[in-house]
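Heads up, the thing below is written out as structure tokens.
Residue numbers (my numbering): 30 to 404.
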């Protein structure tokens with residue numbers, strides 16, 4: 030079997046591209062030849078990158094980026110050139126450029142449409158893309174969500190997909206990462222005697238960080254809230270921390286490296302996700318926390334898969350959005366006793382091992398491909 034992963038840009042900048050890269054790297058271990066077609070993140074020249082497993086990443090030149098997508102006309106000529114080599118094209122959505130190219134390429138083979146997220150833009154802009162999206166939903170042999178909840182509740186899928194039997198899901202898997210022990214000790218020593226509550230992400234409105242700060246006001250001084258990431262709300266959030274007298278309980282860490290991220294996940298007591306809208310479709314950082322045996326407190330976002338990833342009363346707790354007090358109560362419930370905390374921690378790791386490993390994602394992806402090729 031030979032498969033083409035198609036979508037987004039290169040090098041890897043976000044979650045969708047990371048999934049494409051992981052599948053490109055792991056599918057060959059299951060005997061599947063896998064190439065990747067994408068556009069460059071910037072205006073660099075078109076090129077081909079060969080990989081040691083024999084696969085190739087085809088990177089087409091981008092003329093410019095606008096509205097969250099690239100404009101790369103060379104993608105069309107490249108797909109027309111190589112499409113005959115593949116049993117199946119696995120296209121990753123949302124990516125308006127990739128959708129347009131697939132529609133106009135003349136490709137007649139099997140298609141798996143990976144629905145990472147709805148298109149969440151202004152209505153007038155979405156109307157321009159909607160005909161391509163509707164065509165993709167009808168053209169696809171399978172429509173694959175990252176959780177069963179997101180695709181089942183998506184109004185865009187409901188409107189554009191006539192055959193609901195096409196729906197399935199493929200949870201995102203990640204590799205286990207081992208922390209730098211010295212960094213972990215350094216973090217724990219800095220906040221000695223405190224229970225560390227961690228969140229990681231861009232400081233943007235949909236993350237609901239203001240409710241995380243409010244959560245801190247309802248917790249005892251035994252807790253410290255660590256917020257890693259940068260973004261346009263950084264100054265406003267710092268002002269909120271100071272205005273509420275929480276400078277000793279809430280710390281904005283700013284940008285942290287991947288190595289530091291792994292160390293903070295290992296050092297923390299619990300991970301908290303306070304996102305408030307379906308822009309947060311999956312929250313892979315929850316899975317990263319579970320891989321480190323950390324319970325998770327997250328939010329019940331309508332039409333999002335976040336609360337499916339973190340199973341309530343199993344890997345952690347889920348609470349209503351925009352409610353700092355509810356976040357605090359969930360934290361206290363998990364931490365109220367050491368046996369109770371350890372039970373949540375063990376269940377978080379077990380959920381990671383059963384659903385969110387690289388092997389689990391790769392094996393499920395192969396099953397989907399086999400189902401499609403049998404149709």
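Where a beta carbon is used, it is the ideal one built from N, C-alpha and C, also for glycine.
DSSP three-state call for residue 297: helix, strand or coil?
As a working note, residue 297 is residue 268 in the chain shown. DSSP places residue 297 in coil when its eight states are reduced to three.
Please report how far the alpha carbon of residue 124 lies from the alpha carbon of residue 368, in whole angstroms.
Residue numbering aside, residue 124 sits at position 95 when the chain shown is read from its first letter. Residue numbering aside, residue 368 sits at position 339 when the chain shown is read from its first letter. Each residue's Cα considered, the two are about 46 Å apart.
Looking at the secondary structure, which residues open and close the alpha helix (DSSP H) in which residue 242 lies?
As a working note, residue 242 is residue 213 in the chain shown. From DSSP, the alpha helix (DSSP H) with residue 242 extends over 238-246.
Rounded to whole angstroms, what's the CA-CA distance from residue 196 to residue 83? Just pull it up for me.
On the chain shown, position 167 is the one that residue 196 refers to. On the chain shown, position 54 is the one that residue 83 refers to. Rounded to whole angstroms, residue 196 to residue 83 spans 31 Å at the Cα level.
Which whole runs of the alpha helix (DSSP H) in the stretch 306-343 are 4 residues long or more, in chain order?
313-320 and 335-338
For residue 189: DSSP bridge partner residues:
In the chain shown, residue 189 corresponds to position 160, counting from 1. Paired residue(s): none; residue 189 is not in a bridge.
CB-CB under 7 Å to residue 292, same chain, minus the five flanking residues each way: which ones, in chain order?
Position 263 of the chain shown, counting from 1, holds the residue named residue 292. Taken in chain order, the residues that qualify are 208, 209, 212, 213 and 216.
Run through DSSP, which three-state label would residue 207 get?
Indexing the chain shown from 1 puts residue 207 at position 178. Note: residue 207 maps to coil in three-state DSSP.
Return the first residue and the last residue of the beta strand (DSSP E) that residue 349 is part of.
Against the chain shown, residue 349 aligns to sequence position 320. Note, residue 349: beta strand (DSSP E), 345-349.
Please report the straight-line C-alpha distance between residue 150 and residue 188, rounded to a whole angstrom.
One-based indexing of the chain shown puts residue 150 at position 121. One-based indexing of the chain shown puts residue 188 at position 159. Whole-angstrom Cα-Cα distance: 17 Å.
Buried or exposed: which applies to residue 106, given that a residue is buried once 16 or more other Cβ atoms fall within 10 Å of its Cβ?
Taking the first residue of the chain shown as 1, we reach residue 106 at position 77. So residue 106 counts as exposed.
In angstroms with no decimal places, state the Cα-to-Cα distance between residue 231 and residue 185.
For the purposes of this step, residue 231 is identified with residue 202 of the chain shown, where counting begins at 1. For the purposes of this step, residue 185 is identified with residue 156 of the chain shown, where counting begins at 1. Cα to Cα, residue 231 sits roughly 26 Å from residue 185.
Considering only the beta carbon of each residue, do residue 336 and residue 202 sit closer than 8 Å?
Residue numbering aside, residue 336 sits at position 307 when the chain shown is read from its first letter. Residue numbering aside, residue 202 sits at position 173 when the chain shown is read from its first letter. No, the Cβ-Cβ distance between residue 336 and residue 202 is not below 8 Å.
Euclidean distance between Cα positions of residue 67 and residue 190
Here the question's residue 67 lines up with position 38 in the chain shown. Here the question's residue 190 lines up with position 161 in the chain shown. Distance between residue 67 and residue 190, taken at the CA atoms: about 25 Å.
Can the beta-carbon of residue 385 be found closer than 8 Å to that of residue 200?
Here residue 385 refers to the residue found at position 356 of the chain shown. Here residue 200 refers to the residue found at position 171 of the chain shown. Yes; because the gap between Cβ atoms is below 8 Å, this pair is in contact.
Residue 312 and residue 299 closer than 8 Å at C-beta:
Here residue 312 refers to the residue found at position 283 when the chain shown is read from its first residue. Here residue 299 refers to the residue found at position 270 when the chain shown is read from its first residue. The answer is no: Cβ separation not under 8 Å.
Roughly how many angstroms separate the alpha carbons of residue 78 and residue 198, rounded to a whole number?
The sequence position of residue 78 within the chain shown is 49, counting from 1. The sequence position of residue 198 within the chain shown is 169, counting from 1. Rounded to the nearest angstrom, the two C-alpha atoms are 30 Å apart.
If you draw a straight line from the C-alpha of residue 180 to the C-alpha of residue 330, how long is it?
The residue labelled residue 180 in the question sits at position 151 within the chain shown. The residue labelled residue 330 in the question sits at position 301 within the chain shown. So the alpha carbons of these two residues sit roughly 14 Å apart.
Inter-residue Cα distance where the pair is residue 101 and residue 243
Indexing the chain shown from 1 puts residue 101 at position 72. Indexing the chain shown from 1 puts residue 243 at position 214. Computed Cα separation, rounded: 44 Å.
DSSP state of residue 166 mapped onto helix, strand, coil
Position 137 of the chain shown holds residue 166. Looking at residue 166 - three-state DSSP - the assignment turns out to be helix.
Going by C-alpha to C-alpha distance, which of 277, 237 and 286 sits closest to residue 262?
Translated into positions along the chain shown, residue 262 becomes position 233. It is 237 whose Cα lies nearest to the Cα of residue 262.
Three-state secondary structure (DSSP) at residue 114?
As a position in the chain shown, residue 114 is number 85, starting the count at 1. Helix at residue 114.
Please look up how many angstroms separate the CB atoms of residue 269 and residue 239, rounded, as I've assumed it's under 8 Å.
Looking up residue 269 in the chain shown gives position 240. Looking up residue 239 in the chain shown gives position 210. Indeed, because the Cβ distance is near 6 Å, the residues count as touching under 8 Å.
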